[in-house]
Each structure stands twice: as structure tokens, then as C-alpha cells.
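**Student:** Here it is, the structure, as C-alpha cells.
Residue numbers (our numbering): 1158 to 1229.
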């Protein structure tokens, strides 16, 4: 998966845009099994979220947790 798609997915998730997140995930998931998908996509997404968090470029308000968790 291209880095730009990882960044797009992170952006959708951070904004709480569930529909766009699922749309992008479904496009990326067409030819993958769940283990491969988790390793190739979700691991990269979570790594980028962690990096943004460490650089204080991303914060998560408690009020956003239901939206974020709904994506997963």
C-alpha cells in the first residue's frame, strides 16, 4: 500500500470520517486475507498515528473515542 493511502486513511480516522475510512479500507482489502491486511495496512496506520502522537501533531479528545473505535 502506498504511503499516501496510509496517510489518507489516518486523516479520515482522525477526523472521525467513518464512511471514507471504510470506503478506502474496502478498496485496499479486495485481494488480501485478514492477516496480510492487518500487517500491510493497519500496522502502518497505527505506526503513523503513534509517530504523529509522539511529535504532538495529533491528540485524541475523549469525546472522539467512540468515533475512532467505531472504525475498528
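Note that beta-carbon positions come from the ideal geometry of N, C-alpha and C, so glycine has one too.
To the nearest angstrom, how far is the alpha carbon of residue 1163 from that of residue 1214?
**Tutor:** Taking the straight line from one Cα to the other gives about 16 Å.
**Student:** Relative to the alpha-carbon of residue 1160, which residue among 1169, 1178 and 1205 has its alpha-carbon at the smallest distance?
**Tutor:** With distances taken between Cα atoms, residue 1160 lies closest to 1205.
**Student:** Contact defined as beta carbons within less than 8 Å: I believe residue 1185 pairs with residue 1169. What is the distance between those atoms, to the nearest angstrom?
**Tutor:** Incorrect: roughly 12 Å between the Cβ atoms, too far for contact.
**Student:** Using C-beta distances below 8 Å, list every residue in its chain close to residue 1203, excluding the 5 sequence neighbours before and after it, in chain order.
**Tutor:** Cβ neighbours of residue 1203 beyond the five flanking positions: none.
**Student:** Suppose the cutoff is 6 Å on Cβ atoms and the five residues either side in sequence are ignored; what does the same chain contact list for residue 1201 look like?
**Tutor:** So the list reads 1163, once near-sequence residues are dropped.
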